[in-house]
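Report on the following structure.
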Amino acid sequence: MLINKMDEKFIEKEFGNGKGAAKNQNLITDLIIRFDDMEKSINKLSDLIKGKRRKYARHLKKEDKLFIYNRDKNICQKCKEYFENTAFLQVDHIDKNKDNNNFDNLQTLCRKCHHEKTGEENSK
Ligand SMILES: [Zn+2]
């Protein structure tokens, strides 16, 4: 939602309840709906462009993992250690959203750092 409840309250305060308030309210409601529709369309398009709309978004393919390891040159992005064997590496979702498999949201972490990161996230 581009305009949330707070904004609605703000708009109500700004336009008051005097003459023409009802007309303004209708206009505002119409605008909110239009903005919401626009936002939904933009999100859909942006997802399509990024190739995010996959049937099984949660499942990260093996070739995708290998691509990330290769892009990061087998280097853990936290401790900067190099691992020749990818068995020591894991792909981490930077924004913590496991459904966001955009490559710019994925980074290589070693098992130790990944464990530390997810441990910190879970304890929050
Ligand atoms: Zn590490």
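Each residue of the sequence shown is one higher than the last, beginning at 0 in numbering that gives the first Met the number 0. Heads up, the beta-carbon is just placed ideally off N, CA and C, and yes, glycines get one too. A quick note: this is a predicted structure, and the numbers were derived from the prediction, not measured.
Excluding its 5 nearest sequence neighbours in each direction, residue 64 has C-beta neighbours in its own chain below 6 Å: 90, listed in chain order.
For residue 80, the shortest separation between its Cβ and any heavy atom of ligand 1 lies below 8 Å. Only residues of its own chain outside the window of five on either side were considered, and among them none has a CB closer than 6 Å to the CB of residue 42. With the rule of 3 Cβ pairs closer than 8 Å, the segment 103-114 counts as touching the segment 68-81. For residue 47, the closest C-alpha among the options 84, 100, 32, 28 is that of 100. The C-alpha of residue 98 lies about 28 Å from the C-alpha of residue 31. Residue 81 has 74 as its beta-bridge partners, per DSSP. The C-alpha of residue 74 lies about 30 Å from the C-alpha of residue 45.
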